[in-house]
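What follows is one structure encoded as structure tokens, with my remarks underneath.
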Amino acid sequence: MSKEAIPEIIYHYTTQKGLLGILNEEAIWATKMHYLNDASELIEPFRIGTEELDRLSLLQKESEDKEIILNMRDSIPYSETQNYCVVSFCTHGDLLSQWRAYGSFGSAYSVGFNFNKLQQHISAYRFELRRCKYYKPKDYQAKIKEFIGSVVTKALSEKSEPRDFMDSFINMAANMKLMCFKDEAEWRIISTGPLSSNDPRYNFRASNSILIPYYSLPIELSLIDEIMVGPCPHPKLSLSTIWGLSYRYNLTNIREGG
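According to the UniProt record's numbering, the residues represented by the sequence shown are 1 to 258, in order.
What follows is the structure in structure tokens.
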């Protein structure tokens with residue numbers, strides 16, 4: 001596959017509970033970005049952004065310019081009020097690292113969605129598919145600093161703090177990842193704007209320690225091209241169960257992974 005090639009199928013790794021939720025509810029849960037498994041995905045960009053804004057504020061001679069930059073910096077801790085929600089996918093449907101992450105007790109599945117159909121479907125719900133971009137640590141920092149610099153330059157020329165600063169920042173950071181995760185070849189469904197907490201599809205699920213916000217994104221089962229059963233202690237039984245379940249939903253392409 002070439003560097004810019006679009007995959008025919010992208011895979012969402014999930015647990016037994018997640019698979020049943022997709023099939024029974026005909027929906028997939030998009031987690032609020034601040035609550036992803038790797039919390040550093042927003043913490044680190046915000047840390048770098050905060051430090052860069054501090055640095056740029058010290059370079060200003062006019063108090064008005066310094067105040068604009070510091071106001072932008074002070075808005076970063078309030079990013080949690082912005083409900084951007086995300087679903088992760090991989091280009092590879094049989095990836096050992098993902099089986100380990102989602103199926104430590106032998107209960108993982110990867111659900112393969114038709115890329116073009118999925119892309120068209122989610123646009124009606126204000127979501128889009130975006131390829132993750134991978135950076136070496138120095139380039140990662142440079143990209144964030146470049147973004148901050150361009151926003152500050154515009155803000156100072158207009159003598160006004162940009163209203164959409166946090167939206168733009170979250171949007172930029174939403175598909176940035178470090179090079180060490182490149183093997184995942186990740187794509188993401190990302191909301192194109194912040195979602196309302198009053199939306200009936202915006203809800204909360206229990207985790208081991210906290211409640212996690214998510215958006216229940218409707219998914220037609222016709223978008224599913226295949227389901228792959230992850231490694232487990234009883235592969236034949238597991239495969240047989242999924243075959244039985246698939247008949248109910250008219251899904252015919254079931255494979256064993258691992």
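Glycine is no exception: its CB is placed at the ideal position from the N, C-alpha and C atoms.
Here the C-alpha atom of residue 204 lies approximately 6 Å from the C-alpha atom of residue 214. Classified as buried, residue 186 has 16 or more neighbouring CB atoms from the shown chains inside 10 Å of its CB. A distance below 6 Å between beta-carbons, with the five flanking residues on each side excluded, links residue 60 to the following residues of its chain, in chain order: 66.
With contact defined as three or more Cβ pairs closer than 8 Å, the region 215 to 229 and the region 39 to 46 are not in contact. Under DSSP, no beta-bridge partner is assigned to residue 230. The beta carbons of residue 133 and residue 72 sit about 24 Å from each other, so the pair does not count as a contact at 8 Å.
Taken in chain order, the whole alpha helix (DSSP H) runs of length 4 or more contained in the region 55 to 90 are 63 to 75. Approximately 5 Å separates the beta-carbon atoms of residue 11 and residue 90; this is inside 8 Å, confirming the contact. One thing to note: residue 217 has its Cβ within 8 Å of the Cβ of residue 28. If you draw a straight line from the Cα of residue 140 to the Cα of residue 116, it is about 29 Å long.
In this structure, the straight-line span from the alpha carbon of residue 25 to that of residue 219 is close to 9 Å.
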